[in-house]
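Taken in sequence, the protein lines are chains A and B. Just so we're aligned: the first sequence equals residues 6 to 251 in this note's numbering. Just so we're aligned: the second sequence equals residues 92 to 375 in this note's numbering. Just so you know, even glycine gets a beta-carbon here, dropped at the ideal spot from N, CA and C. Fair warning: this is a prediction, and the values are worked out from it, not measured in the lab. Have a look at the structure below, then the notes.
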Amino acid sequence: MNITPEERENAVNIILNKGLKRPVSTWTYLNEMYRCLGLRHIFWEALPALLISFVFVFFCSFIFFTQLDHLVGNLNIYTTVFMLSPILFIGLTVSTEAIERFSGLFDLKMTGKYTIRQISAFRILCFTLVGTVFTVIVSVIIATNIEQIHLFNLLSLALASIFLCSLLIIHSIRRWRGGWYIGTIIWTTVCVLLMIFVENEFSLFLANISPIITLTVSTIAIILYLREIKITSAAWHEYSHAALRR
Amino acid sequence: MLIVDNVTKKYGNFTALEDVSLEFQNGVYGLLAPNGAGKTTLIKMLTTLIFPTKGQILYDGVEITKLDETYREIIGYLPQDFGYYRNYSPLQFLIYIAALKGIDSKTTKEKSLELLELVSLFDVKDKKMRKFSGGMIQRVGIAQAMLNNPKLLILDEPTAGLDPKERVRFRNLIASLSKDRTVILSTHIVSDIETIANHVIMFKDHKLLCNDSPFALCGTLKGKVFETTDESEANRYLVLTERHEDGKSVIRFICEDEYTGSATAANPTLEDVFLYVYRETEFS
Numbered sequence: 006m007n008i009t010p011e012e013r014e015n016a017v018n019i020i021l022n023k024g025l026k027r028p029v030s031t032w033t034y035l036n037e038m039y040r041c042l043g044l045r046h047i048f049w050e051a052l053p054a055l056l057i058s059f060v061f062v063f064f065c066s067f068i069f070f071t072q073l074d075h076l077v078g079n080l081n082i083y084t085t086v087f088m089l090s091p092i093l094f095i096g097l098t099v100s101t102e103a104i105e106r107f108s109g110l111f112d113l114k115m116t117g118k119y120t121i122r123q124i125s126a127f128r129i130l131c132f133t134l135v136g137t138v139f140t141v142i143v144s145v146i147i148a149t150n151i152e153q154i155h156l157f158n159l160l161s162l163a164l165a166s167i168f169l170c171s172l173l174i175i176h177s178i179r180r181w182r183g184g185w186y187i188g189t190i191i192w193t194t195v196c197v198l199l200m201i202f203v204e205n206e207f208s209l210f211l212a213n214i215s216p217i218i219t220l221t222v223s224t225i226a227i228i229l230y231l232r233e234i235k236i237t238s239a240a241w242h243e244y245s246h247a248a249l250r251r
Numbered sequence: 092m093l094i095v096d097n098v099t100k101k102y103g104n105f106t107a108l109e110d111v112s113l114e115f116q117n118g119v120y121g122l123l124a125p126n127g128a129g130k131t132t133l134i135k136m137l138t139t140l141i142f143p144t145k146g147q148i149l150y151d152g153v154e155i156t157k158l159d160e161t162y163r164e165i166i167g168y169l170p171q172d173f174g175y176y177r178n179y180s181p182l183q184f185l186i187y188i189a190a191l192k193g194i195d196s197k198t199t200k201e202k203s204l205e206l207l208e209l210v211s212l213f214d215v216k217d218k219k220m221r222k223f224s225g226g227m228i229q230r231v232g233i234a235q236a237m238l239n240n241p242k243l244l245i246l247d248e249p250t251a252g253l254d255p256k257e258r259v260r261f262r263n264l265i266a267s268l269s270k271d272r273t274v275i276l277s278t279h280i281v282s283d284i285e286t287i288a289n290h291v292i293m294f295k296d297h298k299l300l301c302n303d304s305p306f307a308l309c310g311t312l313k314g315k316v317f318e319t320t321d322e323s324e325a326n327r328y329l330v331l332t333e334r335h336e337d338g339k340s341v342i343r344f345i346c347e348d349e350y351t352g353s354a355t356a357a358n359p360t361l362e363d364v365f366l367y368v369y370r371e372t373e374f375s
């Protein structure tokens with residue numbers, strides 16, 4: 006049978022269109038989920054927890070600013086910024102995840118078209134953005150009020166901190182069923198231990214660290230963080246095979 | 092068709108299910124076993140909440156984890172501990188779950204109302220669920236499982252905590268829903284499935300023991316179940332149950348060998364099979 010190249014091309018296209026589904030990227034999938042569910046359903050029942058987190062963080066910020074002069078005087082400003090930068094992110098993530106886990110609907114929500122794991126990935130992405138904006142605002146306020154502080158140094162340190170913490174928490178959520186609190190406990194414990202045992206050395210280290218290094222750390226953390234978001238919101242079979250390999 | 096193919100599930104050194112193979116077609120399948128026998132493990136694997144350590148689960152020939160959301164779109168699931176939002180009405184709750192299931196928002200309200208009517212909760216559709224009884228909550232659970240008109244309805248201990256009247260109503264509801272779909276119902280209460288299940292699947296020692304119709308299972312004890320009021324006669328055999336009738340104690344027992352005593356032969360029931368199969372668990 007003689008067929009023209011055009012007919013052959015059309016036939017190949019029909020076969021490919023029917024046989025191959027173009028894989029949907031993570032961002033397209035998250036966008037589709039957002040369009041389908043809307044913010045109301047993504048943050049369902051989370052409003053009280055979000056409000057409590059905001060109030061708590063603004064209370065902490067108030068205490069922080071009242072102690073600012075003291076912190077600047079003994080270099081502890083860098084340590085405090087490093088440890089507290091992720092506080093809004095942690096507050097928002099932990100409170101919403103806790104509500105989700107204690108609702109008794111976790112298993113049910115894992116069997117929907119959009120699983121709660123995928124919804125959590127979307128929420129964490131939002132919380133990281135909110136946390137980053139908050140950190141940037143706080144850093145700018147500090148740097149414009151105190152001459153000894155360089156905005157670039159402070160900002161790079163704060164960003165490194167927030168993305169390292171976000172990476173730790175989302176990795177824990179993906180890896181362990183109770184990851185939302187395990188990640189938070191690890192971060193808090195490390196910070197407390199550093200403060201107890203090597204407070205001066207750590208403060209000096211953070212005060213003198215080059216912003217190039219902190220920015221490099223931030224960049225690596227962001228890349229790994231995005232990879233975690235991608236895996237967490239991935240299709241079930243990719244996730245399940247990863248789980249089986251573990 | 093759903094196929095469980097040589098599935099084993101281990102948690103560390105503990106084997107929750109070993110080498111289970113099953114086929115599910117349209118109808119009601121009752122998973123009947125005492126607590127801890129592996130029913131919930133199987134159900135969690137069927138709903139992709141956990142994965143088999145060995146073997147595979149196939150739907151229409153494709154592994155269910157590979158089907159991903161396509162598979163989740165055809166299942167309806169009522170978990171053992173069904174949580175709910177106390178401050179929401181059943182209608183609000185169904186609309187929320189429908190969104191998670193990816194159901195078109197234009198038809199969600201209509202579908203939710205239709206299901207609330209089906210489970211006899213239409214009159215309280217706008218009432219907060221904190222005022223609901225256990226039976227009403229379970230009916231909300233059934234309604235949410237039916238939102239996507241599932242081909243596969245999986246119910247884990249759905250009658251736990253229900254009073255006898257609610258249990259009967261629930262059984263009738265399941266029977267009416269099972270006409271054109273597969274219903275997998277896990278329970279340790281025999282009466283839940285005795286009248287509605289086409290197949291009864293039993294597990295023992297974390298292995299599949301049998302998969303047959305209630306009639307066939309009862310047939311395995313035909314001619315072996317007897318009733319007597321003579322306690323000394325009954326105590327020579329394996330006693331199943333005891334009930335009081337006209338001021339006398341009627342004892343039901345099993346005689347595995349040829350019986351020559353004075354007791355009356357009785358028709359075996361699924362409860363007899365259950366008690367006989369799990370006699371070590373129940374009697375020791």
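Can you pull the chain A neighbours of E164 of chain B, defined as C-beta to C-beta under 8 Å? The answer, in chain order, is K118.
- Task: Determine the chain B residues that contact G188 of chain A at a beta-carbon separation under 9 Å, and present them in chain order.
- Result: Here the premise fails: no neighbours, minimum Cβ distance about 22 Å.
Output, in chain order, the set of chain B residues within a Cβ distance shorter than 7 Å of D112 of chain A.
L140, P170
| Backbone CA spacing between V330 of chain B and G183 of chain A [nearest angstrom] | A straight line joining the alpha-carbon of V330 of chain B with that of G183 of chain A spans about 47 Å.
For F213 of chain B, I'd like the list of residues in its chain whose CB is within less than 6 Å of its CB, leaving aside the five on either flank, ordered along the chain.
L207.
For W49 of chain A, decide whether its Cβ has a neighbour in chain B, counting only Cβ atoms nearer than 8 Å. Output row for W49 of chain A: interface = yes.
DSSP has F344 of chain B in a bridge; who is on the other side? Looking at the DSSP assignment, F344 of chain B forms a beta bridge with B:F317, B:V330.
- Grab the span of the alpha helix (DSSP H) containing K202 of chain B for me, first residue to last. 196-209
If you follow the beta strand (DSSP E) that S100 of chain A is part of, which residue opens it and which one closes it?
No beta strand (DSSP E) holds S100 of chain A; the alpha helix (DSSP H) holding it covers 92-107.
Item to complete: Take I94 of chain B and list the residues in its own chain whose beta-carbon comes closer than 6 Å to its own, dropping the five residues that flank it on each side.
Response: E114, L149
Here's the rule: buried if 16 or more other CB atoms are within 10 angstroms of the residue's CB, otherwise exposed. What is Y102 of chain B? exposed
Check: M115 of chain A and R122 of chain A look like a contact to me (Cβ under 8 Å); what is the Cβ gap, rounded to whole Å?
Finding: The Cβ separation is near 7 Å, so the contact holds.
Subject >> For N97 of chain B, three-class secondary structure by DSSP >> reply: strand
* Asked: Is the CB of L107 of chain B under 8 Å away from at least one CB in chain A?
  -> According to the sequence shown, residue 107 of chain B is Ala rather than Leu. False, the Cβ-Cβ gap to chain A never drops below 8 Å.
_Is there a C-beta anywhere in chain A that falls below 8 Å from the one on L206 of chain B?_
The C-beta of L206 of chain B comes no closer than 8 Å to any C-beta of chain A.
Could you give the distance in angstroms between the alpha-carbon of P241 of chain B and the alpha-carbon of D247 of chain B? 16 Å
Could you pull out every unbroken beta strand (DSSP E) segment of at least 3 residues lying fully inside the region 209-283 of chain B, listed in chain order? 243-247, 273-278
Quick check: L172 of chain A and Y230 of chain A, are their CB atoms within less than 8 Å of each other? Yes; because the gap between Cβ atoms is below 8 Å, this pair is in contact.
| query | Does any C-beta atom of chain B lie closer than 8 Å to the C-beta of C41 of chain A? | reply | yes
Cutoff 6 Å; reference A128 of chain B; Cβ partners in own chain excluding five residues on either side:
F294
Quick check on N412 of chain B: does DSSP put it in helix, strand or coil? No answer is possible for residue 412 of chain B: the residues shown for chain B start at 92 and end at 375.
Any beta-carbon of chain A closer than 8 Å to the one on L329 of chain B? Judged by the 8 Å Cβ criterion, L329 of chain B is not in contact with chain A.
Notebook entry, point to check: At a cut of 8 Å, does the region 44-59 of chain A reach the region 179-196 of chain A through at least three beta carbon pairs?
Noted result: no
What separation, rounded to the nearest whole angstrom, lies between the Cα atoms of V368 of chain B and S323 of chain B?
Each residue's Cα considered, the two are about 23 Å apart.
Review point. Got a sec, what are the start and stop residues for the alpha helix (DSSP H) A226 of chain A sits in?
Key: 216-237
* Asked: For T193 of chain A, does the count of other Cβ atoms within 10 angstroms reach 16, so buried, or fall short, so exposed?
  -> Counting the other CB atoms within 10 Å of its CB gives T193 of chain A a total below 16, which places it among the exposed residues.
Q) What are the boundary residues of the beta strand (DSSP E) that L108 of chain B is part of? A) 105-115
Where do the N-terminal and C-terminal ends of the beta strand (DSSP E) with N7 of chain A fall, by residue? Per DSSP, N7 of chain A belongs to no beta strand (DSSP E) and is neither H nor E.
TODO: Please name the residues in the region 243-261 of chain B whose beta-carbon is closer than 7 Å to at least one beta-carbon of chain A, in chain order.
DONE: Contacts with chain A (Cβ-Cβ distance below 7 Å) from the region 243-261 of chain B involve no residue at all.
Note to self: Just to confirm my understanding: we take V98 of chain B, look at its own chain, exclude 5 residues before and 5 after, and list those with CB closer than 6 Å. What are they?
What the structure shows: V111, P143, G146
Practice task
Below 8 Å on the Cβ atoms is my guess for K118 of chain A versus E160 of chain B; work out the distance and round it to an integer in Å.
Solution key: 5 Å
#### Entry: Helix, strand or coil at K339 of chain B [DSSP, three-state]
strand
**Study point:** Chain-ordered neighbours of G183 of chain A on chain B, where CB pairs are closer than 7 Å
**Key:** Correct list: empty, because the minimum Cβ distance to chain B is about 16 Å.
Review point. According to DSSP, is H290 of chain B helix, strand or coil?
Key: strand
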